[in-house]
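Let me begin by presenting the structure, written as structure tokens, before commenting on it.
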Amino acid sequence: MENQLERRTFLNLAAGTAGAMLVPVFGNAIAAEELQSSMPLSLKKALADAALNAATKAGASYCDVRIGRYLNQFISTRDLTVQSVTNTESSGIGVRVIADGAYGFAATNAMNPDAVANAARQAVAIARANARLQTEPVRLAPLGGNGRGVGEVAWATPIRKDWRTVPVKEKAEMLIAANKAGLDAGASFMTANLFQVNQQKYFASTDGSYIDQDIHRLWAPLTATAVDKETGKFRSRAGLAPPVGMGYEYFDVRPEHKIRAAGGVTTLYKGGYDIVEEARAAGRQAREKLTAKSVEPGKYDLVIAPENLFLTIHESVGHPTELDRVLGYEANYAGTSFCTLDKWETRKFQFGSDKVNFFADKSTPGSLGAVGYDDEGVKPKRWDIIKDGILVNYQATRDQAHIIGEKESHGCSYADSWSNVQFQRMPNVSLAAGKARLTPDEMVKDVKKGIYILGRGSYSIDQQRYNFQFGGQLYFEIKDGKIGPMLEDVAYQSNTQEFWNACSAICDERDWRMSGSFFDGKGQPSQVSAVSHGASTTRFNGVKVINTGRKIG
Amino acid sequence: MKQLNQDEAKRICDRVLSFSKADECSVAINGSRNGNIRFARNSVSTAGLNEDRRLVVTVAFGKRQGTASVNEFDDKSLEQAVRRAEDTARLAPENPEYVPVPGKQEFKPTGEYFASTAAIDPDFRAEVAAHAILAGRNKKLVTAGFFTDSTGFETIANSKGLFGHREFTGLDFTCTARTEDGRGSGWVTRSASDARHFDAREASEVAMEKALRSVDAKALEPGRYTVILEPAATSELLGRMFGAFGARQADEGRSFLAKKGGGNRLGEKLFDEQINVWSDPWDKDVPVSPWDTQSMLARQRRDLIKDGKIANLEYSRFWAQKQGVAPTARAGNMIMAGGSKSLEELIAGTKKGIVVTRTWYIRMVDPQSVLLTGLTRDGTFYVENGKIKYPVKNFRFNESPITMLNNVDELGKPVIIGPDEVAYQMVLPPMRIRDFNFTSLSDAV
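If you're matching them up, the sequences are chains U and G in order. All residue numbers for the first sequence refer to the working numbering, where the first residue is 1 and numbers rise by one. All residue numbers for the second sequence refer to the working numbering, where the first residue is 554 and numbers rise by one.
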């Protein structure tokens, strides 16, 4: 389910309702310069070995250790004011074991061999207790290659500029400059925020892996709000640029990072982000929304930009193909799935039209899901989930692979903290680009009565992922092959299978780009993860559009 | 990790305040022990215990603020934390909206600690799960659920002599039961401060009964229906609206409480006159902290909606100062008045209508009208002549709580309902509402 954390701690910003924005607290608040220190590799290995040895000695048949240091910086600004700068750190060790065929997990923030060994023994005791109510023993799929661990290896997000070395002042000034541009262009109010993440993760297991990873992510959401006091009307327009698995070089924008939206209605970004230019567009368009034409409800051909479609993919394709949901492990929280095993077994379940191909990966550079190894030490790969419209696979971890006849894990294991146990999380799930050459402008030429939709808006889907309703940030009328004026009060409502079967054209790879979710929530207690979804501009025929405008007393 | 009592916590706060060289200093200490057990597919999937405590110190030089936190409470660690906060403050940009810390407040205890809840151990949690799992296996149902309990303390203090200490407990339980063929699903939620008011067996039974009764749902045409909404069907809708009572947003023209031409709608009648909503930290069913940690202000009993009129808005300390009014502590609970009838009695008095157990995946579509979308889930039934006739397929709705609270037919007896995505502990009545707007059907069970 999208954005548990966002909605809990960040809801007020996203929904634009109540005022105060709460800062997501990921750990202890620390000073900025402390973000740059790190722990020697030899110490990590010694701690990991202490846990592995203690667990094995206590009778575990398998053990993995994750030593994590999670650093975050969050800057929030409103209009010309810096509201807050928060640096957080959280570090500690989580130990997972299998004993008597059951999982056990324990964690400690004490970084010494005794504490770590103690946590390992606790995990074994918990596994033994859980084994009593367990009906089937845990079966871990073998690792690829020779079946053994990968030895001592390292992986890092390829960044050119580390956010930790950029002065807070420079970042705050950039956000304030964006707000100023938005205000000058027509917004009554602006907010701009910057989330910066560095996860230093060390993984070791009894399979013989010692993996050191350094992962970086950024997100700079902004919102422009325009108010017309005379009519009492207000409208907002959120930023369209994606969160990324990149360094601070994301803000060193070059001309090739800019994409002209169909009809030139706005500028979009790929691989580099001009936040000031985007804020200016947001301010202008928020103002324009106040007088935009309210949509006539009915059926339309939708031309959907990747900046909107990514969330529809996330909710209607990513979540229902998570194997743990399919099996019922999330029944009490996020829900189950309509993509049941019996449908998959037929190899005939028409999820979408034959143009629809979805693949999963955790390796696309710049994506939020990109890692060198998952949280079980598995090297990620790329695999098909929907092939020529047919449901062909799911997303699995080591303990799930055997259920769907896979020889090895898909590499989908993730924990959001050293203190939480890892479990199956969504990789990047993307819609493959169309094979025939097609640009968004060419796509629009064939549409008689349609709407062009950009940006993520309101989103909601049922617990088995059939019925959904999505809004956006920008809507433009398409009439007789031409993009016309801006529309407002638009939401599209459909059924997952119907919607993807209505997919009639996909632009080619020149238009393919990723957007993503920084705070996807799942599990109880809830854990967040970050994931990207790629797509090109895509056309859907005859989708139901409702008018969301209402009058209240 | 050890919980601190008032004297121990006070000594630590005093040390921190004495180390500070800044113009102003505030301290907050939090400690808690959270236990949980999770089950799915009629088996326990995870169980855990987290203990944590943390001290956060915030200092200010003029309008420059800095914050640091620490989890070791010896003098050296405390002093280091203060120095770190001071260093951060010196480098921070000025916040023009900074308001000096508040002076002494009176914090009357609210009775949020219960020994019965603090005593919950792994055996207790395992038994909660076992009730659902074993009863589920017996009835050929598949159960999944989550139980979590917490015991903790919070202490706040500042350089103007403000001091408060509270100890609290709480528990939350949710359980989903599904038929093996996946055609029926039921759910229940229970929250309590006092474990003696929680009955795992009773709760699991409700989920299982709903699962069995919801098999073979019929499809009704979407449209406007009279609905009987259980508190779990309204809490997340109303909670979102209760959270939008900020005076600043209204005065700035970007809330449903903004007035055409400028100003806000304080005092205006926006709802049916049966509607009365207030917050009260001392409420015996949902006691909450006597202060709001962010502002450090004492909470009071405060009306939100009185006889259908907007009775109060929330003023942050900055906005209150700017508008020349008293600031308000953010509320921690919401209590809505109702009648004396049970849910069953409301159903019995319904000619035609739909009973909704729960609403889910609720998102704001338009903050201008507080239009929300979401779906029914885990037990939706058609009622005719006072009787439940048959289960119906789930609906998506697009509806505003403002419209709902203008279409009230009858209110039942209020019950405790814990929050899911919203920020309040609540006491809400089941309600019968006219013309609730279902916009499409969902195949989800």
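Think of the CB as a built atom: it goes at the ideal place given N, C-alpha and C, for glycine as much as any other residue.
Worksheet item: Which chain U residues sit within Cβ distance under 9 Å of GLY689/G?
Response: In chain order: nothing, as chain U lies at least about 11 Å away.
Discussion item. I want to verify the contact list: residues of chain U whose CB lies under 7 Å from the CB of PRO649/G, in sequence order.
Written reply: Residues of chain U passing the Cβ test: THR81.
Discussion item. Counting only C-beta atoms, is LYS445/U closer than 8 Å to chain C at any point?
Written reply: Protein chains U and G are contained in the structure displayed, whereas chain C is not.
Practice prompt. Show which residues of chain G have a CB atom less than 7 Å away from the CB atom of SER458/U.
Written response: Listed along the chain, the chain G residues whose CB falls inside 7 Å of the CB of SER458/U are ARG916, MET917, VAL918 and THR926.
Practice prompt. Using beta-carbon positions only, say whether ARG852/G and GLY885/G come within less than 8 Å of one another.
Written response: Going by beta carbons, ARG852/G and GLY885/G fall inside the 8 Å limit.
Practice prompt. Under 6 Å Cβ to Cβ from GLY128/U, same chain only, skipping five residues before and after it: list those, please.
Written response: The displayed chain sequence assigns Arg, not Gly, to residue 128/U. Excluding positions up to five away in sequence, the list reads ALA99 and ASP100.
Worksheet item: Helix, strand or coil: how does DSSP classify VAL166/U here?
Response: Coil, per DSSP.
Item to complete: Take THR223/U and list the residues in its own chain whose beta-carbon comes closer than 6 Å to its own, dropping the five residues that flank it on each side.
Response: Taken in chain order, the residues that qualify are THR191, SER236 and ALA238.
Fill in: Cut-off 6 Å between Cβ atoms - residues of its own chain near THR17/U, not counting five sequence neighbours on either side
Caution applies to THR17/U, whose pLDDT of 24 falls short of 50 and renders its modelled position unreliable; the value that the coordinates give is listed next. Here the set comprises nothing.
Discussion item. Could you tell me the alpha carbon to alpha carbon distance between PRO242/U and TYR269/U, rounded to whole angstroms?
Written reply: Between PRO242/U and TYR269/U, the alpha-carbon positions lie close to 8 Å from each other.
Fill in: Any non-hydrogen atom of the ligand GTP closer than 7 Å to LEU899/G Cβ
This structure does not include the ligand GTP; it has no bound ligands of any sort.
Practice prompt. Per DSSP, which residues does HIS533/U bridge with? Please list them.
Written response: When DSSP reads this structure, HIS533/U sits in a beta bridge with SER515/U.
Discussion item. Measuring straight from C-alpha to C-alpha, what distance separates GLY328/U and PRO320/U?
Written reply: About 11 Å.
Worksheet entry | CB of SER596/G within 8 Å of CB of GLN422/U, strictly | The answer is no: Cβ separation not under 8 Å.
Practice prompt. Let me know the secondary structure DSSP gives ASN1008/G once reduced to three states.
Written response: With chain G covering only 554 through 998, there is no way to say anything about residue 1008/G.
Discussion item. Within the continuous beta strand (DSSP E) that includes THR135/U, where are the two ends?
Written reply: Run containing THR135/U: none; DSSP gives neither H nor E here.
Discussion item. What would DSSP say about MET21/U, mapped onto helix, strand or coil?
Written reply: The predicted position of MET21/U is uncertain, since its pLDDT is 28 and thus under 50; a value taken from the coordinates is nonetheless stated next. Three-state result, MET21/U: coil.
Item to complete: Please check if any C-beta of chain G sits within less than 8 Å of the C-beta of SER419/U.
Response: Answer yes: the Cβ-Cβ gap between SER419/U and chain G drops below 8 Å somewhere.
Worksheet item: In chain U, what lies closer than 7 Å to MET993/G by C-beta?
Response: One point to set straight first is that residue 993/G is Ser, not Met, in the sequence displayed. Ordered by position in chain U, the residues that pass the 7 Å Cβ test against SER993/G are ASN467 and GLN493.
Discussion item. Counting only Cβ-Cβ distances shorter than 7 Å, please list the residues of the stretch 821-844 of chain G near chain U, keeping chain order.
Written reply: So the list reads LEU823, given in the order they occur along the chain.
Worksheet item: Does the count of Cβ pairs from the stretch 500-517 of chain U and the stretch 533-544 of chain U closer than 8 Å reach three?
Response: Flag = yes, the stretch 500-517 of chain U and the stretch 533-544 of chain U touch.
Worksheet item: Ordered along the chain, which non-local residues of its own chain (more than five positions away) have a Cβ less than 6 Å from that of ARG513/U?
Response: Taken in chain order, the residues that qualify are LYS270 and PRO306.
Fill in: Inter-stretch contact at 8 Å, needing at least 3 Cβ pairs: the stretch 467-474 of chain U / the stretch 298-314 of chain U
Taking a cut-off of 8 Å on C-beta distances, the stretch 467-474 of chain U touches the stretch 298-314 of chain U, as three or more cross pairs fall below it.
Item to complete: For ASN990/G, I'd like the list of residues in its chain whose CB is within less than 7 Å of its CB, leaving aside the five on either flank, ordered along the chain.
Response: Within the same chain, ASN990/G has close Cβ partners ARG777, PHE950, ASN951 and GLU952.
Worksheet item: Does any CB atom of chain U fall closer than 8 Å to the CB of ASN817/G?
Response: No - not a single Cβ of chain U is within 8 Å of the one on ASN817/G.
Fill in: Beta carbon proximity, PHE699/G to chain U, threshold 8 Å
Yes, contact with chain U.
Item to complete: Kindly list, in the order they appear in chain U, the residues whose Cβ is closer than 9 Å to that of GLN921/G.
Response: The answer, in chain order, is GLY232, LYS233, PHE234, ARG235, GLY549, ARG550 and ILE552.
Practice prompt. Determine which residues share a DSSP beta bridge with ALA396/U and list them.
Written response: Answer is none; ALA396/U lacks a bridge partner.
Worksheet item: Exposed or buried, which one is GLN847/G when buried takes at least 16 other CB atoms within 10 Å?
Response: With a 10 Å radius around the Cβ and a threshold of 16 neighbouring Cβ atoms, GLN847/G comes out exposed.
Practice prompt. Kindly indicate if chain G contains any beta-carbon less than 8 Å away from that of VAL227/U.
Written response: So, interface residue.
Worksheet item: Just to confirm, are PHE751/G and PHE726/G a CB contact at a threshold of 8 Å?
Response: Against a cut-off of 8 Å, the Cβ pair of PHE726/G and PHE751/G comes out as a contact.
Item to complete: Output yes if chain G places a C-beta closer than 8 Å to the C-beta of VAL295/U; else output no.
Response: Chain G, which has no Cβ nearer than 8 Å to the Cβ of VAL295/U, makes this no.
Worksheet entry | Residue closest to LEU994/G, alpha-carbon to alpha-carbon, out of LYS445/U, GLN464/U and GLY457/U | The residue with the shortest Cα to Cα distance from LEU994/G is GLN464/U.
Discussion item. Please report the distance separating the alpha-carbon of LEU570/G from that of ASP374/U.
Written reply: For LEU570/G and ASP374/U, the distance between alpha carbons rounds to 45 Å.
Item to complete: Check whether the stretch 339-351 of chain U touches the stretch 371-390 of chain U, counting contact only when three or more Cβ pairs, one atom from each stretch, lie closer than 8 Å.
Response: Touching, yes.
Worksheet item: Does the Cβ-Cβ distance between GLY806/G and PHE234/U come in under 8 Å?
Response: Closer than 8 Å, so yes.
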